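Report on one structure; see the data block that follows.
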Amino acid sequence: TGFAVSAKKEPRLLDVYASLEGENLVIKFPDGRTCRGDDCGEALSKYLGRRVEIVRSRGTSLTYVGMGVEFGDVVRLYEKTGQTAEARFHDSMPLHLVKLESLQKIGLDEKDIPRFRPNIVYSSDADEQELVGGYIQAGDVLLRIVKPTKRCIVITHAQPGLQASIELLKSLRTNHQGVFGLYAEVVNPGTIAKNTPLKFYPAAGIQE
1 TGFAVSAKKE PRLLDVYASL EGENLVIKFP DGRTCRGDDC GEALSKYLGR
51 RVEIVRSRGT SLTYVGMGVE FGDVVRLYEK TGQTAEARFH DSMPLHLVKL
101 ESLQKIGLDE KDIPRFRPNI VYSSDADEQE LVGGYIQAGD VLLRIVKPTK
151 RCIVITHAQP GLQASIELLK SLRTNHQGVF GLYAEVVNPG TIAKNTPLKF
201 YPAAGIQE
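Here it is as structure tokens:
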């Protein structure tokens with residue numbers, strides 16, 4: 001079709017794990033099978049039952065077909081297109097953070113973390129809204145908090161160990177303006193290890 005495949009419309013992708021061995025792509029399927037490099041296009045095609053081609057990013061934005069949802073007397077699902085960021089396959093920002101205390105506030109716990117696909121999970125008494133426009137530091141790494149994370153239909157899909165839950169998205173829209181988590185961008189790059197202490201710099205305390 002010429003469109004990028006997205007888990008928004010193809011939730012079976014959430015059961016597939018991609019990684020890199022050096023510069024080589026490795027994909028692991030739910031049954032334990034793996035493929036490498038150029039063989040992954042054929043393997044994904046068989047898994048999804050449609051032709052899929054693996055291509056290298058050329059630094060251009062890709063169009064994907066996703067799914068939107070409207071809540072009313074009935075739940076209405078509809079197709080919608082979107083654009084990826086240039087050179088990277090993400091919707092809006094390169095990093096996503098989720099706060100454990102916020103997870104607990106909406107009645108979830110650590111087993112639900114994969115549903116939100118965060119890069120960083122942290123625990124803090126820092127107010128999330130006050131961090132927007134501010135910074136988080138982890139060792140030499142410095143991140144700028146750009147905006148709250150607007151949630152889409154992906155969090156409603158079933159994933160390994162998690163059942164489908166359209167009510168989760170409905171609750172977030174009703175009670176939390178449809179947002180959960182924080183989007184960030186990298187100011188100073190580096191490596192963040194597990195249990196690295198974080199320092200928080202809310203926007204209000206920053207002098208430009």
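Oh and the sequence shown: position 95 is 95 in UniProt numbering, straight run, nothing missing. Beta carbons are placed, not taken as given, at the ideal position from N, Cα and C, and that holds for glycine. Predicted model, so just to flag it, every value in this text is computed and none were measured.
Check: Residue range of the alpha helix (DSSP H) that Ala43 falls in?; Outcome: 40 to 48
Check: Return the first residue and the last residue of the alpha helix (DSSP H) that Ser165 is part of.; Outcome: Looking at the DSSP string, Ser165 is not in any alpha helix (DSSP H), and its letter there is neither H nor E.
Check: Taking the alpha helix (DSSP H) that Leu103 falls in, what are its first and last residues?; Outcome: 100 to 105
Check: Is Gly59 helix, strand or coil by DSSP?; Outcome: coil
Check: Quick check on the DSSP output: what are the complete alpha helix (DSSP H) runs of length 4 or more inside the stretch 124 to 178, in order along the chain?; Outcome: 128 to 131, 166 to 176
Check: Assign Leu198 to one of three DSSP states: helix, strand, or coil.; Outcome: coil
Check: Please state whether the Cβ-Cβ distance between Val121 and Val98 is less than 8 Å.; Outcome: yes
Check: I'd like the span of the beta strand (DSSP E) that includes Ile27, first residue to last.; Outcome: 24 to 28
Check: DSSP three-state call for Leu108: helix, strand or coil?; Outcome: coil
Check: Just to confirm the assignment, what range does the beta strand (DSSP E) spanning Arg76 have?; Outcome: 75 to 83
Check: If you count every other CB in all the chains shown that lies within 10 Å of the CB of Lys8, and 16 or more means buried, which is it?; Outcome: buried
Check: Measure the CB-CB distance between Pro202 and Gly139 and report whether it falls below 8 Å.; Outcome: no
Check: Relative to the alpha-carbon of Leu48, which residue among Leu77, Arg12, Ile27 has its alpha-carbon at the smallest distance?; Outcome: Arg12
Check: Within its chain, find whatever has a CB closer than 7 Å to the CB of Val75; leave out the 5 residues flanking it on each side and keep chain order.; Outcome: Val69, Ile166
Check: Would you identify the three-state DSSP class for Phe3, choosing helix, strand or coil?; Outcome: coil
Check: Where DSSP assigns a beta bridge to Ala66, which residues make up the other side?; Outcome: In the sequence as displayed, the identity of residue 66 is Gly instead of Ala. Answer by DSSP bridge pairing, in chain order: Lys80.
Check: For Glu21 and Lys28, I'd like the C-alpha separation in whole angstroms.; Outcome: 12 Å
Check: Where do the N-terminal and C-terminal ends of the alpha helix (DSSP H) with Ile113 fall, by residue?; Outcome: 113 to 116
Check: For a test of the three-state rule: what should DSSP assign to Gly37, helix, strand or coil?; Outcome: helix
Check: For Tyr78 versus Ala4, is the C-beta spacing smaller than 8 Å?; Outcome: no
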